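Data first, discussion second: the structure below is written as structure tokens.
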Amino acid sequence: MSRDYSLVPRPVARVKTKYRQIATDFPVPESLAVLRTLQEIEPIAMRGQPPVIWDHADGFQVYDRWGNCWIDWSSGVLITNAGHGREAIIDAVTRQARSGLLTNYCFPSEIRARLVARLASLLPAPLEKVFLLTTGSETVECAIKLCRTQGLRTAGREKNVIVSYEKAFHGRTLGSQQAGGIPSLKDWIVNFDPGFVQIPFPDGFRTEDVSFAGFERALKEHGVEARQVAGVILETYQGGSGAFAPVEYMQALRAWCDANGALLVCDEVQAGFGRTGTMFGFEHYVIVPDLATFGKGISSSLPLAAVVGRADIMDLHPPGSMTSTHTGNPVCCAAALASIDLVVRENLAGNAACMGAILHGELRRLKARFPQIGSVDGKGLVAGVACVKPGTKEPDGELAWNVIERCIEKGVLLFSPVGFGGGTIKICPPLVINEEALRESIGVLEEALSELV
Ligand SMILES: Cc1ncc(COP(=O)(O)O)c(C=O)c1O
Numbered sequence: 235m236s237r238d239y240s241l242v243p244r245p246v247a248r249v250k251t252k253y254r255q256i257a258t259d260f261p262v263p264e265s266l267a268v269l270r271t272l273q274e275i276e277p278i279a280m281r282g283q284p285p286v287i288w289d290h291a292d293g294f295q296v297y298d299r300w301g302n303c304w305i306d307w308s309s310g311v312l313i314t315n316a317g318h319g320r321e322a323i324i325d326a327v328t329r330q331a332r333s334g335l336l337t338n339y340c341f342p343s344e345i346r347a348r349l350v351a352r353l354a355s356l357l358p359a360p361l362e363k364v365f366l367l368t369t370g371s372e373t374v375e376c377a378i379k380l381c382r383t384q385g386l387r388t389a390g391r392e393k394n395v396i397v398s399y400e401k402a403f404h405g406r407t408l409g410s411q412q413a414g415g416i417p418s419l420k421d422w423i424v425n426f427d428p429g430f431v432q433i434p435f436p437d438g439f440r441t442e443d444v445s446f447a448g449f450e451r452a453l454k455e456h457g458v459e460a461r462q463v464a465g466v467i468l469e470t471y472q473g474g475s476g477a478f479a480p481v482e483y484m485q486a487l488r489a490w491c492d493a494n495g496a497l498l499v500c501d502e503v504q505a506g507f508g509r510t511g512t513m514f515g516f517e518h519y520v521i522v523p524d525l526a527t528f529g530k531g532i533s534s535s536l537p538l539a540a541v542v543g544r545a546d547i548m549d550l551h552p553p554g555s556m557t558s559t560h561t562g563n564p565v566c567c568a569a570a571l572a573s574i575d576l577v578v579r580e581n582l583a584g585n586a587a588c589m590g591a592i593l594h595g596e597l598r599r600l601k602a603r604f605p606q607i608g609s610v611d612g613k614g615l616v617a618g619v620a621c622v623k624p625g626t627k628e629p630d631g632e633l634a635w636n637v638i639e640r641c642i643e644k645g646v647l648l649f650s651p652v653g654f655g656g657g658t659i660k661i662c663p664p665l666v667i668n669e670e671a672l673r674e675s676i677g678v679l680e681e682a683l684s685e686l687v
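Written as structure tokens, this is what we have:
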């Protein structure tokens with residue numbers, strides 16, 4: 235469900251607490267000129283996020299220029315794992331920019347060497363090689379290319395099927411959209427590549443059968459034989475709901491991929507770097523994929539992404555054939571190195587696990603109180619609250635939207651609803667959030683829900 239926010243300012247209650255301040259009407263009357271310029275000159279498809287003009291952000295708080303301050307439950311869009319505006323990241327970026335090296339294509343650089351070595355040192359075997367890119371979508375494209383190349387090399391042209399999951403989001407480029415499982419986002423493609431199939435994701439709510447038998451049954455229904463599968467790609471948790479697959483399912487999938495010469499790819503663009511309470515999301519499954527893709531929280535700031543994988547897979551293509559103009563941009567590398575240092579040194583995965591226990595406990599309590607909450611999913615500092623029509627699994631996008639708008643008016647910032655039917659409220663604060671601010675912001679969600687239902 236997509237919807238636009240009204241640009242007619244309306245009075246909202248003023249708020250002043252230790253962590254939040256709402257001092258104006260909403261949207262802020264003085265912000266309308268900027269909002270209107272964006273509406274006039276950008277495509278309509280860029281609309282859809284709350285009309286809050288960020289001025290600066292610090293830790294887990296976002297500020298505008300007019301005296302408003304929010305507890306941030308967005309992290310941008312799960313970018314700022316180490317927190318907003320961290321001095322260490324600003325210093326690293328500034329130092330690199332001042333060095334005079336702002337870009338150098340794929341020419342070797344010391345800082346790129348430092349970053350790939352740092353990433354490799356954090357990853358479990360056999361994830362040994364690292365290829366830097368700019369966006370998450372590109373990493374997915376690259377993973378698809380590597381799966382199909384390996385399929386071709388090991389078993390010929392028939393081994394080219396990429397299996398992925400319904401309701402998955404892997405990006406907005408042609409290949410990543412075909413791997414995605416949201417039909418409305420890819421209507422425009424028309425000529426679908428028959429080598430992409432999506433099967434139900436075992437979330438336990440919308441797909442009740444979470445057994446691995448469901449995987450094999452779904453392949454059969456698509457007329458796909460195991461020998462044809464080049465790769466299976468999944469978000470480590472589904473971004474649209476926050477749902478993880480059962481551990482047993484993932485271990486069976488790992489074994490199935492090994493038995494059938496298919497590569498297992500975890501799209502960690504959202505899950506990586508501490509978000510779920512472990513450094514990498516796949517650790518929850520006690521498996522290691524053949525390839526993993528990263529973005530967003532890898533730098534907590536500038537655009538940088540990475541594909542990591544088994545050396546034999548990452549080395550399938552010859553010199554000069556996996557490049558990108560901004561691969562390993564030195565300023566982005568500096569940001570990523572500084573952010574990773576913060577995530578490790580401050581044990582932000584540990585904080586995500588501790589704060590996540592509070593968050594998920596409280597959300598379960600809200601689910602018991604409000605029949606409009608159909609499911610609560612996620613781990614660590616990511617949660618998806620699915621709004622439904624009470625007594626059904628039918629998504630209630632209208633309610634999700636209204637709750638988010640009400641929270642923002644009260645000083646808790648979220649991005650617009652996501653997921654099936656646009657009914658999921660996604661909660662993903664920077665991993666530096668403290669217990670006091672977390673409990674205060676959950677109180678705001680509860681207040682908004684009780685005012686609206
Ligand atoms: C799991 C996942 N994969 C890939 C992407 C695409 O990343 P990007 O927007 O950087 O292209 C996203 C973005 O939301 C994502 O959540």
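The opening residue of the sequence shown carries number 235 in the numbering used here; numbering runs sequentially from there.
In this text, a Cβ means the ideal position worked out from N, Cα and C, and glycines have one as well.
Being a predicted model, the structure only gives us computed values, none of them experimental.
Among 561, 686, 551, the one whose alpha carbon lies nearest that of residue 387 = 551
Cβ-based burial, residue 369 [other Cβ within 10 Å; buried from 16] = buried
key: Of the residues 404, 427, 687, the one placed nearest residue 499, counting alpha carbons only   = 404
request  = Kindly indicate which three-state DSSP category residue 432 falls into: helix, strand or coil?
outcome  = strand
query = How about residue 313 and residue 531: do their beta carbons lie closer than 8 Å?
reply = yes
message = Can you tell me whether residue 539 sits near ligand 1, meaning its C-beta is under 7 Å from at least one heavy atom of the ligand?
response = yes
message = For residue 493 and residue 460, I'd like the C-alpha separation in whole angstroms.
response = 9 Å
query = DSSP beta-bridge partners for residue 621?
reply = 607
task = For residue 239, write down the residues that DSSP places opposite it in a beta bridge.
result = According to DSSP, residue 239 bridges with nothing at all.
inquiry  = Less than 8 Å between the C-beta atoms of residue 646 and residue 307, yes or no?
reply    = yes
ask   = Touching or not, the region 499-516 and the region 465-474, by the rule of three or more beta carbon pairs under 8 Å?
value = yes
ask   = For residue 651, is the classification buried or exposed, using 16 other Cβ atoms within 10 angstroms of its Cβ as the cut-off for buried?
value = buried
task = Could you check how far apart the C-beta atoms of residue 617 and residue 676 are, in whole angstroms? I think they sit under 8 Å.
result = Actually they are not in contact, since the Cβ atoms of residue 617 and residue 676 sit about 10 Å apart, beyond 8 Å.
message = Which complete beta strand (DSSP E) runs does the region 484-553 hold, if anything under 3 residues is left out?
response = 497-501, 525-528, 539-543
message = Please tell me whether, using a cut-off of 7 Å, the distance from the CB of residue 274 to the nearest non-hydrogen atom of ligand 1 is below it.
response = no
inquiry  = Within a Cβ cutoff of 6 Å, which residues of the same chain sit near residue 585, ignoring the five residues on either side of it in sequence?
reply    = 665
message = Given 7 Å as the limit, tell me if residue 469 has its C-beta closer than that to any heavy atom belonging to ligand 1.
response = yes
query = Going by DSSP, which residues form a beta bridge with residue 397?
reply = 431, 466
message = ligand 1 and residue 501: does any heavy atom of the ligand fall closer than 7 Å to the residue's C-beta?
response = yes
message = Taking 6 Å as the limit between beta carbons, can you name the residues of its chain near residue 636, skipping five residues before and five after?
response = 686
query = If you draw a straight line from the alpha carbon of residue 446 to that of residue 329, how long is it in whole angstroms?
reply = 50 Å
query = Span of the alpha helix (DSSP H) holding residue 472?
reply = That residue, residue 472, is in no alpha helix (DSSP H); it is neither H nor E in DSSP.
message = Please identify the residue among 545, 642, 293 whose C-alpha is closest to the C-alpha of residue 358.
response = 545
query = Sorry if obvious, but does the Cβ on residue 435 come closer than 7 Å to a heavy atom of ligand 1?
reply = no
message = One question on the structure: do residue 298 and residue 350 come within less than 8 Å of each other, judged by their Cβ atoms?
response = no
query = Assuming residue 538 and residue 566 make a contact with CB atoms under 8 Å, what is their CB distance in whole Å?
reply = 4 Å
query = Quick one: complete alpha helix (DSSP H) runs, 4+ long, within the region 340-401?
reply = 344-356, 370-389
query = Would residue 582 pass as a contact of residue 316 if the rule is Cβ separation under 8 Å?
reply = yes
key: the region 266-276 / the region 240-252 touching (three or more Cβ pairs under 8 Å)   = yes
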